[in-house]
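The listed protein sequences derive, respectively, from chains A and B. Count along the first sequence from 1, add 7, and you get the number used in the working numbering. Count along the second sequence from 1, add 519, and you get the number used in the working numbering. For every residue, glycine included, the Cβ atom is placed at its ideal position computed from N, Cα and C. Down below is the structure, laid out as structure tokens.
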Amino acid sequence: MGRQQTLAKFFDMP
Amino acid sequence: MLEAKLAEAGTLKKLLDAIKELVTDANFECNEEGINLQAMDNSHVALVAVHLEAAGFKRYRCDRPMPLGVNLTSLTKVLKCAKDDDITTLKAADEADVLNLVYEAKNSDRIAEYDMKLMDIDSDTLGIPDTEYDARVTMPSAEFTRVVRDLSQLGESVRIEVSKEGVRFASEGEAANGSVLMKQTDDDEDTQAITIEMNQHVSLTFSLKYLVNFSKSASLCPRVQLMMSNDVPLLVAYDFGQGYIRYYLAPKIGD
Numbered sequence: 008m009g010r011q012q013t014l015a016k017f018f019d020m021p
Numbered sequence: 520m521l522e523a524k525l526a527e528a529g530t531l532k533k534l535l536d537a538i539k540e541l542v543t544d545a546n547f548e549c550n551e552e553g554i555n556l557q558a559m560d561n562s563h564v565a566l567v568a569v570h571l572e573a574a575g576f577k578r579y580r581c582d583r584p585m586p587l588g589v590n591l592t593s594l595t596k597v598l599k600c601a602k603d604d605d606i607t608t609l610k611a612a613d614e615a616d617v618l619n620l621v622y623e624a625k626n627s628d629r630i631a632e633y634d635m636k637l638m639d640i641d642s643d644t645l646g647i648p649d650t651e652y653d654a655r656v657t658m659p660s661a662e663f664t665r666v667v668r669d670l671s672q673l674g675e676s677v678r679i680e681v682s683k684e685g686v687r688f689a690s691e692g693e694a695a696n697g698s699v700l701m702k703q704t705d706d707d708e709d710t711q712a713i714t715i716e717m718n719q720h721v722s723l724t725f726s727l728k729y730l731v732n733f734s735k736s737a738s739l740c741p742r743v744q745l746m747m748s749n750d751v752p753l754l755v756a757y758d759f760g761q762g763y764i765r766y767y768l769a770p771k772i773g774d
């Protein structure tokens with residue numbers, strides 16, 4: 008059910 | 520150097536229980552304000568942030584900022600050697616490669632001392648943007664634990680919907696579907712209250728596996744807050760007197 012996104016899209020990854 | 524004396528080992532044990540399945544190694548960043556930890560799980564889907572305030576310790580001293588690289592499995596083992604109500608002191612010298620833990624029994628003369636190896640961990644702190652959330656749900660943490668555990672029996676994901684009606688948790692599985700609606704209660708002061716603050720209707724889907732993991736923090740705090748906006752990570756926040764533990768979870772999209 009649905010595709011899991013990662014936090015990279017939302018947070019400033021170093 | 521760091522010297523941090525906690526009234527009870529139990530607090531640290533519960534904290535470790537609440538993060539050790541998400542993260543294996545983490546830096547405990549110590550500074551004069553307290554101890555912080557921020558780490559993502561391997562798949563970069565969830566992030567946990569812990570803060571322990573200096574004022575929450577019986578005694579706290581940290582002369583300059585220092586990261587303590589800790590293997591959480593090892594720390595869990597060393598903490599198992601403490602009784603929950605042991606007074607616990609964490610000590611580390613500057614540039615040290617060991618963390619010293621001392622457990623003092625409350626009602627006897629037993630003093631136990633352990634040294635645990637520290638490790639170098641490359642970790643950069645992520646920038647978490649300040650977010651104005653469209654919905655905030657505050658509820659008893661035990662209720663949240665129960666809902667996510669129940670629904671995790673049925674399916675992998677849960678849709679969380681916040682509306683004027685209340686907050687609805689719904690899961691679809693191969694064999695069964697389920698949904699739990701929790702309505703806002705009238706009395707905000709009640710510890711069992713469910714409070715909903717909402718600017719707009721939100722509906723998001725999350726992996727239950729992670730939420731079940733987060734819900735282990737219920738042992739630290741009787742209340743939990745869920746902060747949500749459409750298409751941004753969920754924030755699950757547990758504020759206990761001495762600090763907080765916050766989890767961020769990226770949503771799932773599409774069907």
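Item: Compare the Cα-Cα distances from Val-699/B to each of Arg-583/B, Asp-705/B, Arg-678/B and report the closest residue.; Value: Arg-678/B
Item: In whole angstroms, give me the CA-to-CA distance for Val-666/B and Met-635/B.; Value: 38 Å
Item: Tell me, please, whether the stretch 627–641 of chain B touches the stretch 719–737 of chain B by the rule of three or more beta-carbon pairs shorter than 8 Å.; Value: no
Item: Taking the alpha carbon of Glu-680/B as the reference point, which residue from Ile-715/B, Asp-669/B, Asp-649/B has its own alpha carbon closest?; Value: Ile-715/B
Item: Starting from the beta carbon of Ala-480/B, find every residue of chain A whose beta carbon is closer than 8 Å, and list them in chain order.; Value: Because chain B is modelled from 520 through 774, residue 480/B falls outside the range shown and cannot be assessed.
Item: Buried or exposed: where does Lys-735/B fall if 16 or more other Cβ atoms within 10 Å of its Cβ makes it buried?; Value: buried
Item: Can you tell me which residues form a DSSP beta bridge with Ser-722/B?; Value: Glu-680/B
Item: Do Lys-599/B and Leu-521/B have their C-beta atoms within less than 8 Å of each other?; Value: no
Item: If contact is defined by three or more beta carbon pairs under 8 Å, each pair taking one atom from either stretch, is the stretch 529–543 of chain B in contact with the stretch 655–662 of chain B?; Value: no
Item: Can you pull the chain A neighbours of Lys-771/B, defined as C-beta to C-beta under 9 Å?; Value: Met-8, Gly-9, Arg-10, Gln-11, Gln-12
Item: Going by beta-carbon coordinates alone, are Leu-753/B and Leu-745/B separated by less than 8 Å?; Value: yes
Item: By how many angstroms is the C-alpha of Glu-623/B removed from the C-alpha of Arg-629/B?; Value: 6 Å
Item: Return the CA-CA distance between Asp-709/B and Val-755/B, expressed in angstroms with no decimal places.; Value: 20 Å
Item: In whole angstroms, what is the alpha-carbon distance linking Ala-558/B and Asn-546/B?; Value: 8 Å
Item: By a C-beta neighbour count over all protein chains shown, 10 Å radius and 16 as the cutoff for buried, is Cys-533/B buried or exposed?; Value: Note that residue 533/B is Lys in the sequence shown here, rather than Cys. Label assigned to Lys-533/B: buried.
Item: Interface residues of chain A around Pro-584/B at Cβ under 9 Å?; Value: Under the 9 Å cutoff, chain A gives no residues; its nearest Cβ is about 18 Å from Pro-584/B.
Item: Check whether the Cβ atoms of Met-747/B and Leu-723/B sit closer than 8 Å, and answer yes or no.; Value: yes
Item: If I follow the unbroken beta strand (DSSP E) through Gly-697/B, where does it start and stop?; Value: 696–701
Item: Answer yes or no: do Val-504/B and Leu-637/B have a C-beta to C-beta separation smaller than 8 Å?; Value: The question about residue 504/B has no answer, for chain B in this structure spans 520 to 774.
Item: With 8 Å set as the bound, which would you pick, yes or no: does the beta-carbon of His-570/B sit closer than that to a beta-carbon of chain A?; Value: no
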